[in-house]
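Chemist: Attaching a single structure in structure tokens format; questions to follow.
In my numbering, the protein residues as written are 968 to 1308.
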């Protein structure tokens, strides 16, 4: 059991609770004890893709933190909360309600490389303390701005539009294409998601109480901060009322399972059916086939010399069995992360 189980995290469940659920499933299914970890925090008030690493895949969990992600999120206008989501208490109000035309006009300002201030209620550390602990204790929390990249930002109802960063080569390299929700149909809207009716697009000049957007973002991006800043740019205030992650690195909702499905598979000793290979998390890295002698040398931490491969990282394997994540430089191969499989 070395690989990835992708949860469709429900509302109210924390990421560490998701890890605990997989641990329980492994125990109840009789699989024994394995290391388990998550590939990036997802707030309890958010739902969607939560990659859970099992066994040797936990050695790659940190790489998931650096991956791009795609979110659907709803901004409610007129109220800003201290947490920037529905869990907080109001700290500012406004009677201004933007139109869809106004929303679409400002999205381009938030596409590309931008600077944003993380929420005070975040897991970032200030003088060794979590920011959210300080904020809950009543301390004023001032976090430094950070540079992030918004690759695309659009309304799923009305489709893509001008707020699309043209960096197709970067998206391809990271395993991302345009999210399906931003594919415009002939009638100007996106195709409905499975099991959903096509939402009617709001009139462009009618005032909106809320708007739902899709964002493809780089690591370190806070959607709550993005929602706050969009509302402020529209001359009002706002907070996030819905947040759903639809893709994290190479993982999307197509491979995600519910907690009920997880329990069902565990009871039937069938978790292997949804365990994705360790290799999937490195789908942007080329494979390097090894001989038995070469694999043995790498497992002993030795350097391979004279390998005919371009410089860069590779997924070294012996007969499809993962051996190590390696770095090639001037024909020398060094282990970055070894796998005990």
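Heads up, the beta-carbon is just placed ideally off N, CA and C, and yes, glycines get one too.
These numbers were taken from a predicted model, which means no experiment stands behind them.
1) What distance in whole Å lies between the Cβ atoms of residue 992 and residue 1229, which are believed to be in contact at a cut-off of 8 Å?
2) By Cβ distance, which residues of its chain are closer than 8 Å to residue 1298, with the 5 residues on each side in sequence left out?
3) Taking 8 Å as the limit between beta carbons, can you name the residues of its chain near residue 989, skipping five residues before and five after?
4) Leaving aside the five residues before and after residue 1302 along the sequence, list all residues of the same chain whose C-beta is less than 7 Å from its C-beta, in chain order.
5) Within the segment 1180-1259, note down every full beta strand (DSSP E) run reaching 3 residues or more, in order along the chain.
6) In terms of residue numbering, what span does the beta strand (DSSP E) encompassing residue 1118 cover?
7) From the DSSP output, which residues share a beta bridge with residue 1052?
8) Kindly list the residues whose CB is nearer than 6 Å to the CB of residue 1030, restricted to its own chain and excluding five residues on each side of it in sequence; keep chain order.
9) What runs of the beta strand (DSSP E), each 3 residues or longer, lie entirely inside the segment 1268-1294?
10) Would residue 1041 pass as a contact of residue 1178 if the rule is Cβ separation under 9 Å?
11) Can you check DSSP and say which residues form a bridge with residue 1047?
12) Determine, using beta carbons only, whether residue 1052 and residue 1058 come nearer to each other than 9 Å.
13) Between residue 1282 and residue 1254, which are expected to be in contact by the criterion C-beta below 8 Å, what is the C-beta distance as a whole number of angstroms?
14) Counting along the chain, where does the beta strand (DSSP E) carrying residue 994 start and finish?
15) Considering only the beta carbon of each residue, do residue 1222 and residue 1118 sit closer than 9 Å?
16) What number of angstroms, rounded off, separates the C-alpha of residue 1227 from the C-alpha of residue 1013?
17) Under the DSSP definition of a beta bridge, which residues are partnered with residue 1096?
18) Leaving out the 5 sequence neighbours to the left and right, which residues in its chain are closer than 8 Å to residue 1103 when beta-carbon positions are compared?
19) Using the beta-carbon count (16 or more within 10 Å), is residue 1308 buried or exposed?
20) Give the secondary structure of residue 1107 by DSSP, where H, G and I count as helix, E and B as strand, and everything else as coil.
21) Tell me which same chain residues have a C-beta within less than 8 Å of the C-beta of residue 1032, skipping the five on either side of it?
22) So, with DSSP's three-state summary, where would you put residue 1130?
Modeler: So, from the listed chains and residues:
1) Within the chain shown, the letter at position 262 stands for residue 1229. Within the chain shown, the letter at position 25 stands for residue 992. Right, their Cβ atoms sit about 5 Å apart.
2) Here residue 1298 corresponds to residue number 331 of the chain shown, with the count starting at 1. Taken in chain order, the residues that qualify are 1272, 1273, 1274, 1275 and 1276.
3) As a working mapping, residue 989 is identified with position 22 in the chain shown. If we look at residue 989 and ignore the five residues flanking it on each side, its Cβ neighbours are 972, 974, 1003, 1019, 1021 and 1229.
4) Position 335 of the chain shown holds residue 1302. Hits under 7 Å: 1265, 1268, 1291 and 1293.
5) 1205-1215 and 1254-1256
6) Here residue 1118 refers to the residue found at position 151 of the chain shown. Segment 1113-1121, the beta strand (DSSP E) holding residue 1118.
7) Here residue 1052 is taken as the residue at index 85 of the chain shown, counted from 1. Looking at the DSSP assignment, residue 1052 forms a beta bridge with 1207.
8) Translated into the one-based positions of the chain shown, residue 1030 becomes position 63. Once the five neighbours on either side are set aside, residue 1030 has no close Cβ partner at all.
9) Taking only runs of at least 3 residues, the beta strand (DSSP E) segments lying wholly in the segment 1268-1294 are 1279-1285.
10) Against the chain shown, residue 1041 aligns to sequence position 74. Against the chain shown, residue 1178 aligns to sequence position 211. Their beta carbons are under 9 Å apart, which means residue 1041 touches residue 1178 by this criterion.
11) Counted from its first residue, the chain shown places residue 1047 at position 80. In the DSSP assignment, the residues bridged to residue 1047 are 1059.
12) Taking the first residue of the chain shown as position 1, residue 1052 is located at position 85. Taking the first residue of the chain shown as position 1, residue 1058 is located at position 91. Taking 9 Å as the cut-off, the beta carbon of residue 1052 is found no closer than this to the beta carbon of residue 1058.
13) As a working mapping, residue 1282 is identified with position 315 in the chain shown. As a working mapping, residue 1254 is identified with position 287 in the chain shown. Confirmed, Cβ separation roughly 5 Å.
14) On the chain shown, residue 994 is found 27 positions in, with the first residue counted as 1. Where residue 994 is concerned, there is no enclosing beta strand (DSSP E), although the alpha helix (DSSP H) it sits in stretches over 982-995.
15) As a working mapping, residue 1222 is identified with position 255 in the chain shown. As a working mapping, residue 1118 is identified with position 151 in the chain shown. No, the Cβ-Cβ distance between residue 1222 and residue 1118 is not below 9 Å.
16) Within the chain shown, numbered from 1, the residue matching residue 1227 stands at position 260. Within the chain shown, numbered from 1, the residue matching residue 1013 stands at position 46. Cα to Cα, residue 1227 sits roughly 18 Å from residue 1013.
17) On the chain shown, position 129 is the one that residue 1096 refers to. Bridge partners of residue 1096: 1093.
18) Position 136 of the chain shown, counting from 1, holds the residue named residue 1103. Correct list, in chain order: 1088.
19) Here residue 1308 refers to the residue found at position 341 of the chain shown. Under this definition residue 1308 is an exposed residue.
20) Position 140 of the chain shown, counting from 1, holds the residue named residue 1107. Coil, per DSSP.
21) Walking along the chain shown from the start, residue 1032 turns up at place 65. Only 1006, 1007 and 1186 meet the Cβ criterion.
22) As a position in the chain shown, residue 1130 is number 163, starting the count at 1. Residue placement at residue 1130 is flagged as unreliable, the pLDDT there being 46, under the threshold of 50; the coordinate-derived value follows with that caveat. Coil.
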